[in-house]
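Heads up: the structure comes next, in structure tokens.
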Amino acid sequence: MIGQAILSKLNAPTREERLENLREAVGDAQFPPMVDAYINNHIHTTYSFSPYSPAASVYAARAEGLRTAGIVDHDSIAGAREFIEAGKIVGIPTTVGMECRARMDGTILEGRRTNNPDQVNVSYMTLQGVPHEKIEYLNDWFAPRRAARNERNRKMVANINTLLPDASLDFDRDVLPLSEYAGGGVVTERHLMYALAKRLVERVGKGQPMADCLADLGLSLGAKQWEQMLNVSYPFYEYDLLAVLKSAFIPKVYVDAVEECPQIDELVSLAKEVGAVLCYSYLGDVGQSVTGDKKPQKFEDDYLDDVFTFLKDSGVPAVTYMPTRNTRAQLERLRGLCERHGLFQVSGEDINSPRQSFIIRAMEDPMFRNLIDATWRLIDYETGKRPMDLYR
Numbered sequence: 057m058i059g060q061a062i063l064s065k066l067n068a069p070t071r072e073e074r075l076e077n078l079r080e081a082v083g084d085a086q087f088p089p090m091v092d093a094y095i096n097n098h099i100h101t102t103y104s105f106s107p108y109s110p111a112a113s114v115y116a117a118r119a120e121g122l123r124t125a126g127i128v129d130h131d132s133i134a135g136a137r138e139f140i141e142a143g144k145i146v147g148i149p150t151t152v153g154m155e156c157r158a159r160m161d162g163t164i165l166e167g168r169r170t171n172n173p174d175q176v177n178v179s180y181m182t183l184q185g186v187p188h189e190k191i192e193y194l195n196d197w198f199a200p201r202r203a204a205r206n207e208r209n210r211k212m213v214a215n216i217n218t219l220l221p222d223a224s225l226d227f228d229r230d231v232l233p234l235s236e237y238a239g240g241g242v243v244t245e246r247h248l249m250y251a252l253a254k255r256l257v258e259r260v261g262k263g264q265p266m267a268d269c270l271a272d273l274g275l276s277l278g279a280k281q282w283e284q285m286l287n288v289s290y291p292f293y294e295y296d297l298l299a300v301l302k303s304a305f306i307p308k309v310y311v312d313a314v315e316e317c318p319q320i321d322e323l324v325s326l327a328k329e330v331g332a333v334l335c336y337s338y339l340g341d342v343g344q345s346v347t348g349d350k351k352p353q354k355f356e357d358d359y360l361d362d363v364f365t366f367l368k369d370s371g372v373p374a375v376t377y378m379p380t381r382n383t384r385a386q387l388e389r390l391r392g393l394c395e396r397h398g399l400f401q402v403s404g405e406d407i408n409s410p411r412q413s414f415i416i417r418a419m420e421d422p423m424f425r426n427l428i429d430a431t432w433r434l435i436d437y438e439t440g441k442r443p444m445d446l447y448r
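Counting in the working numbering, the sequence shown runs from 57 upward without gaps.
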């Protein structure tokens, strides 16, 4: 994690301030050598939910030795211009994209849980390698969907207040200002939990009082969570708290997403129109969690063959996955299906917490060399250096 003083400057209110502060920070920085294997195409910023602005995220990526970095915010690509310029300032190649969800009505995945822990019949997808001249068009296309998402967010805030009457959250007062919505960003469920975390800290305090409050709410904390809740000096205390709250309360207050999610054929058409690489985001069943922080849960592994049939039939040309998240057996099966069906492979791992490293250590494995090559293909394609025609 980068220092608080630098992060504060790189999270300044405006893009112009952030980029100017980035130029100053780079002048004083002593960065480590870049490592060719260290790529990450799935970095979230403040335009969805993250402690890092686009400028700060690029600086943090370079400070950890990444060779390339990629922005992927939910339902928004508004941070892409800043991300690209930050890459030029820092001297790190970038790729831009966004994450969204699609409804699976009328497909063989209708009514099934695929890669979405919160909802069946809706799957997470990414639009990778967005040509730079299409950034604003793509963000405008999702604007009404971000607005529809806010209507659902308001309902979930109401549910939070019903579940926890003392919270007294107001969406416009307590949630919206935590986001970059006014600048084309999105408000996510994490924003709701962050607002709740701030309210609890305001009302209860940090440390033992907070741990006792959570116990009174019926939450059972693990040893690591207890330690975090007692660490009152941690500058991102509310981020640790929101992680506890999200796990406990989102299932109880969640409202299904419908209007904000395009139908899959609509999303395929959009990807073709803007020239982006549309990817299905593989999640995979969780048994013995390889990262140690996921509870056992079933996703798409039992019918993964059907998923690939759907991808081919629907015209989805690529799959994105997270090597660190899955077992070797899961990854070998997934990669075999990609190769059999001729699907492009992209990788990246979510960065949205200050405790995360930007480095994907799994990328050191020669098995994933193709994912490094794919990243350079995306970068060359976005900047017009190399064509890419995955839609046939």
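Glycine included, every Cβ here is placed at the ideal spot set by N, Cα and C. As the structure is a prediction and not an experimental result, all values here were calculated from the model.
Applying the 10 Å Cβ sphere with the 16-neighbour rule, what's the burial state of Gly147? Label assigned to Gly147: exposed.
Please tell me whether Leu399 and Phe355 are closer than 9 Å, where the distance is taken between their beta carbons. No, these two residues do not count as a Cβ contact at 9 Å.
Could you name the residues of the same chain whose beta carbon sits closer than 7 Å to that of Asn171, not counting the 5 residues immediately before and after it, in chain order? Leaving aside the five residues that flank Asn171 on each side, the residues in its chain whose CB is nearer than 7 Å to its CB run, in chain order, Ser179, Tyr180, Ser337, Tyr338, Leu339, Phe355, Glu356.
Would you call the segment 136–151 in contact with the segment 119–127, where contact means no fewer than 3 C-beta pairs closer than 8 Å? These segments touch.
Have a look at Lys441, Val309, Thr376 and flag the residue whose alpha-carbon is nearest the alpha-carbon of Arg208. It is Val309.
Considering only the alpha carbon of each residue, which of Arg411, Arg442, Asp312 lies closest to Ala116? Of the residues Arg411, Arg442, Asp312, the one whose Cα lies closest to the Cα of Ala116 is Arg411.
What do you get for Gln86, buried or exposed, if any count of 16 or more other CB atoms within 10 angstroms of its CB means buried? By the 10 Å Cβ count, Gln86 comes out exposed.
Go ahead and label His397 buried or exposed: buried means 16 or more other beta carbons lie within 10 angstroms of its beta carbon, across all protein chains shown. Answer is exposed; the Cβ neighbour count stays below 16.
Considering only C-alpha positions, which residue in the set Leu434, Asn287, Val176 is nearest to Pro265? That would be Asn287, whose Cα lies nearest to the Cα of Pro265.
Can you check which of these residues, Cys335, Asn408, Arg384, is closest to Ala430 by C-alpha distance? Comparing Cα positions, the closest option is Cys335.
Going by C-alpha distance, which of Val114, Met57, Arg201 is nearest Asn97? Out of Val114, Met57, Arg201, Val114 has the C-alpha closest to the C-alpha of Asn97.
Could you tell me which whole alpha helix (DSSP H) segments of length 4 or greater appear in the segment 239–265? DSSP runs (the alpha helix (DSSP H)) wholly in the segment 239–265: 245–260.
Kindly indicate which three-state DSSP category Cys317 falls into: helix, strand or coil? Three-state result, Cys317: coil.
So, for Ala251: in the same chain, excluding its five sequence neighbours on each side, which residues have a beta-carbon less than 7 Å away from its beta-carbon? For Ala251, where only same-chain residues beyond five positions count, the Cβ hits under 7 Å are Leu225, Asp230, Val231, Leu234.
State the Cα-Cα distance for the pair His100 and Asn206, rounded to the nearest angstrom. Rounded to whole angstroms, His100 and Asn206 show a C-alpha spacing of 19 Å.
Which two residues bound the contiguous beta strand (DSSP E) that contains Val114? For Val114, there is no enclosing beta strand (DSSP E); the enclosing alpha helix (DSSP H) covers residues 110–119.
Thr376 and Gly331: beta carbons closer than 9 Å? Taking 9 Å as the Cβ cut-off, Thr376 and Gly331 do not qualify as a contacting pair.
Terminal residues of the alpha helix (DSSP H) in which Asp361 lies: For Asp361, the enclosing alpha helix (DSSP H) has its first and last residue at 360–370.
Excluding the 5 residues flanking Lys190 on each side, which residues of the same chain have their C-beta closer than 6 Å to its C-beta? Excluding positions up to five away in sequence, the list reads Val330.
Residues in its own chain within less than 6 Å of Asp349 by CB, not counting five upstream and five downstream? For Asp349, the predicted model reports a pLDDT of 49, less than 50, meaning its position is unreliable and no value from the coordinates is stated.
Three Cβ pairs or more, each shorter than 8 Å: is that satisfied between the segment 273–286 and the segment 71–90? With a cut-off of 8 Å, the segment 71–90 and the segment 273–286 do not count as touching, because too few Cβ pairs lie within range.
Ignoring anything shorter than 3 residues, give me the beta strand (DSSP E) runs that lie fully in the segment 100–184, in order along the chain. With a minimum length of 3 residues, the continuous beta strand (DSSP E) runs that stay inside the segment 100–184 are 122–130, 150–159, 178–184.
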